[in-house]
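Participant: Can you read through this structure? Questions will come right after.
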Amino acid sequence: MWQINLEQYLPLNPYKNYLQMRLTDTKQARYSMLLICEGTHTEPNFLELMIEDFKEAGIIDFATTIKPKPTISPSDNTLDLNRGKEKRRKRLLKNTTQKQQEIENMDFFPGEQPLNWVKGGIDNLKVYDEVWVFFDKDGHPKAKEAFEMARITEIDGKKINIAFSSRCFEYYLLLHFELIYRAFEKSECNGKTYSQGGKKSKTISYYCMTDRAVEGKACNGDVCINGYARKNNYWKNSKGDLSTYTFVKEKIWTGVYNAHLIRWKSNTLHQNEYYERNPYVDVDKFVCRLMGYSTINFEESYEVTDDKINYCITREYNTITLTLLNTKTLILSQGNITAHDYNTRDYRGINIHAILTEDNPIFSINLKEIITPNEFCVISILSKKYYCPLFPLQTIIWH
1 MWQINLEQYL PLNPYKNYLQ MRLTDTKQAR YSMLLICEGT HTEPNFLELM IEDFKEAGII
61 DFATTIKPKP TISPSDNTLD LNRGKEKRRK RLLKNTTQKQ QEIENMDFFP GEQPLNWVKG
121 GIDNLKVYDE VWVFFDKDGH PKAKEAFEMA RITEIDGKKI NIAFSSRCFE YYLLLHFELI
181 YRAFEKSECN GKTYSQGGKK SKTISYYCMT DRAVEGKACN GDVCINGYAR KNNYWKNSKG
241 DLSTYTFVKE KIWTGVYNAH LIRWKSNTLH QNEYYERNPY VDVDKFVCRL MGYSTINFEE
301 SYEVTDDKIN YCITREYNTI TLTLLNTKTL ILSQGNITAH DYNTRDYRGI NIHAILTEDN
361 PIFSINLKEI ITPNEFCVIS ILSKKYYCPL FPLQTIIWH
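Under full-length UniProt numbering, the very last position in the sequence shown is 399; numbers go up by exactly one each time.
Dropping the structure here:
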């Protein structure tokens with residue numbers, strides 16, 4: 001029998017060293033995913049290039065549809081997205097074309113935001129196998145109703161997934177560069193001018209932290225995320241010609257790790273609904289899902305049925321507890337738990353194994369005993385992979 005040792009491939013780098021072996025059958029080939037975005041620039045174009053990259057690396061092989069449609073087209077320039085290895089065509093975003101302007105003026109899902117996007121996703125649950133909706137905390141009037149509808153609605157066993165950013169998607173981008181818990185007020189310093197007696201408005205930029213900054217209007221990086229990013233030389237423009245994915249491509253796991261810690265801190269400090277908070281982000285859940293992982297969040301439990309085995313996985317601070325829920329046997333073999341250093345991208349196996357039965361249905365894992373603050377833990381249970389980092393109180397400096 002032909003065999004391959006997958007441990008020789010490093011799962012921390014999905015672009016060079018991550019090999020996923022999949023059986024291609026007709027059911028998998030038909031799998032499809034719909035992504036509905038609030039924005040017409042940043043989110044669609046980020047997702048388009050990231051998904052294209054993951055598909056080229058063999059990480060995902062199913063069909064994806066993004067609405068509104070990204071406007072990414074090839075140019076004659078080259079951009080080394082693999083840092084010196086493989087040259088490929090640069091993807092430019094034609095945000096000023098007539099096509100892009102038509103997209104901006106098109107109302108794909110009419111109604112009150114963000115409820116309209118969730119309703120649009122629900123309408124497509126019979127068409128697509130999986131639907132995600134991406135939107136920000138932006139003073140939307142129907143945020144509560146949107147999250148409630150997503151929670152209670154199920155069609156053919158499928159539910160809407162929401163990837164939420166507060167204050168905005170740029171905050172998730174920022175977490176790829178530093179761990180910062182800060183309530184920014186906006187993505188960019190800007191204002192509005194009015195014409196036709198106030199009937200028509202136009203957004204104007206104050207060019208925060210550029211040589212064109214409007215004195216008295218630009219915040220110098222104190223209020224807006226793009227200004228803060230420019231101040232620290234992270235990026236120049238999140239709504240420019242290049243997909244923002246190019247800024248963070250080599251920092252994907254840093255962004256996932258930091259977003260998870262931000263969510264933990266938010267859950268620790270606040271009891272109100274997370275769509276009311278600032279900051280808060282869970283876009284990392286979608287990124288992990290694309291790479292084949294489910295995130296295990298603080299003080300949450302997940303009931304899973306896999307290969308007729310029913311179990312619950314629960315996260316309490318730095319403890320993961322597995323509970324068998326039926327009369328089957330759940331085996332956690334040696335090698336099913338690995339530790340991954342998200343900085344060096346090294347990984348190592350953890351010498352833990354367990355057998356859960358009807359008589360002994362509970363097994364707990366202390367993350368402090370098996371991983372360090374620079375690592376995260378991956379628990380492979382049957383066909384599921386769970387991502388969970390340590391919560392190092394004493395080692396984190398919160399800005």
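A virtual CB, placed ideally from N, CA and C, is assigned to each residue, including glycine.
Helix, strand or coil for residue 70, going by three-state DSSP, please let me know.
Facilitator: The residue labelled residue 70 in the question sits at position 70 within the sequence shown. Note: residue 70 maps to coil in three-state DSSP.
Participant: Determine the direct distance from the alpha carbon of residue 130 to that of residue 116, and round the result to whole angstroms.
Facilitator: Against the sequence shown, residue 116 aligns to sequence position 116. Against the sequence shown, residue 130 aligns to sequence position 130. Straight-line Cα distance between these residues: approximately 18 Å.
Participant: Taking the straight line between their C-alpha atoms, what separation do you get for residue 179 and residue 262?
Facilitator: In the sequence shown, counting from the first residue as 1, residue 179 sits at position 179. In the sequence shown, counting from the first residue as 1, residue 262 sits at position 262. If you take the alpha carbons of residue 179 and residue 262, they lie about 8 Å apart.
Participant: Considering only C-alpha positions, which residue in the set 136, 35, 294 is nearest to residue 124?
Facilitator: Numbered from 1 along the sequence shown, position 124 holds the residue referred to as residue 124. Considering only alpha carbons, the answer is 35.
Participant: Which same chain residues, not among the five before or five after residue 331, have their C-beta less than 7 Å away from its C-beta?
Facilitator: Counting from 1 along the sequence shown, the entry for residue 331 is found at position 331. Result list for residue 331: 355, in chain order.
Participant: Less than 8 Å between C-beta atoms, sequence neighbours within five positions excluded: which residues of the same chain meet that for residue 385?
Facilitator: Counting from one through the sequence shown, the residue named residue 385 turns up at place 385. 292, 293, 294, 378, 379.
Participant: Whose CA, out of 336, 270, 299, 362, lies closest to the CA of residue 318?
Facilitator: Taking the first residue of the sequence shown as position 1, residue 318 is located at position 318. Closest by alpha carbon: 299.
Participant: Excluding sequence positions up to five away, which residues of its chain have a Cβ less than 6 Å from the Cβ of residue 365?
Facilitator: Numbered from its first residue, the sequence shown carries residue 365 at position 365. Correct list, in chain order: 320.
Participant: Check whether the Cβ atoms of residue 404 and residue 225 sit closer than 8 Å, and answer yes or no.
Facilitator: No answer is possible for residue 404: it lies beyond the span of the chain, which begins at 1 and ends at 399.
Participant: If I measure Cβ to Cβ from residue 147 and keep anything under 6 Å in the same chain, skipping five residues before and after, which residues do I get?
Facilitator: Position 147 of the sequence shown holds residue 147. Cβ within range, chain order: 275.
Participant: State the CB to CB distance for the pair residue 126 and residue 155, rounded to an integer number of angstroms; the pair is presumed to be in contact (CB under 8 Å).
Facilitator: Start at 1 with the first residue of the sequence shown, and residue 126 comes out as number 126. Start at 1 with the first residue of the sequence shown, and residue 155 comes out as number 155. With a Cβ gap of about 6 Å, residue 126 and residue 155 count as contacting.
Participant: Per DSSP, what kind of secondary structure is residue 284 in: helix, strand or coil?
Facilitator: Translated into positions along the sequence shown, residue 284 becomes position 284. Of the three classes helix, strand and coil, the one that applies to residue 284 here is helix, per DSSP.
Participant: Just to confirm, are residue 142 and residue 112 a CB contact at a threshold of 8 Å?
Facilitator: Sequence index remark: in the sequence shown, residue 142 carries index 142 (1-based). Sequence index remark: in the sequence shown, residue 112 carries index 112 (1-based). A contact, by the Cβ cut-off of 8 Å.
Participant: If residue 175 sits next to residue 57, beta carbons under 8 Å apart, how far is it from one beta carbon to the other, in whole angstroms?
Facilitator: Walking along the sequence shown from the start, residue 175 turns up at place 175. Walking along the sequence shown from the start, residue 57 turns up at place 57. Their Cβ separation, rounded to whole angstroms, is 22 Å, which puts residue 175 and residue 57 out of contact at 8 Å.
Participant: Could you tell me which residues DSSP puts in a beta bridge with residue 238?
Facilitator: Looking up residue 238 in the sequence shown gives position 238. Paired residue(s): none; residue 238 is not in a bridge.
Participant: For the alpha helix (DSSP H) that residue 401 lies in, which residues bound it at each end?
Facilitator: Look at the range of the chain in this structure, 1 to 399, and you will see that residue 401 is not part of it.
Participant: Under 8 Å by Cβ, that's how I've got residue 290 and residue 66 pegged, so tell me the actual separation to the nearest angstrom.
Facilitator: Residue numbering aside, residue 290 sits at position 290 when the sequence shown is read from its first letter. Residue numbering aside, residue 66 sits at position 66 when the sequence shown is read from its first letter. Incorrect: roughly 13 Å between the Cβ atoms, too far for contact.
Participant: Between residue 329 and the rest of its own chain, which residues show a CB-CB distance below 6 Å, the 5 nearest in sequence each way excluded?
Facilitator: As a first step, residue 329 must be located in the sequence shown, where it is residue number 329. Cβ neighbours of residue 329 beyond the five flanking positions: 357.
Participant: Count the C-beta pairs between the region 298 to 313 and the region 271 to 286 that are closer than 8 Å, then say yes if the count reaches three, no if not.
Facilitator: Judged by Cβ distances under 8 Å, the region 298 to 313 makes no contact with the region 271 to 286, as fewer than three pairs qualify.
Participant: Enumerated in chain order, which unbroken segments of the beta strand (DSSP E) with a length of 3 residues or greater are wholly contained in the region 165 to 249?
Facilitator: Counting only runs of 3 or more, we get 190 to 195, 200 to 205.
Participant: Along the alpha helix (DSSP H) that carries residue 268, what are the first and last residues, could you check?
Facilitator: Locating residue 268 in the sequence shown gives position 268, counting from the first residue. From DSSP, the alpha helix (DSSP H) with residue 268 extends over 252 to 269.
Participant: Can you list, in chain order, the stretches of the beta strand (DSSP E) that have 3 or more residues and sit fully within the region 280 to 345?
Facilitator: Correct list: 301 to 306, 309 to 316, 319 to 324, 330 to 332, 337 to 341.
Participant: Please state whether DSSP places residue 358 in a helix, a strand or coil.
Facilitator: The residue you call residue 358 lines up with position 358 of the sequence shown. DSSP places residue 358 in coil when its eight states are reduced to three.
Participant: Could you say if the region 163 to 170 and the region 202 to 218 meet the contact criterion of at least three C-beta pairs nearer than 8 Å?
Facilitator: Touching, no, given that fewer than three Cβ pairs across the two stretches are closer than 8 Å.
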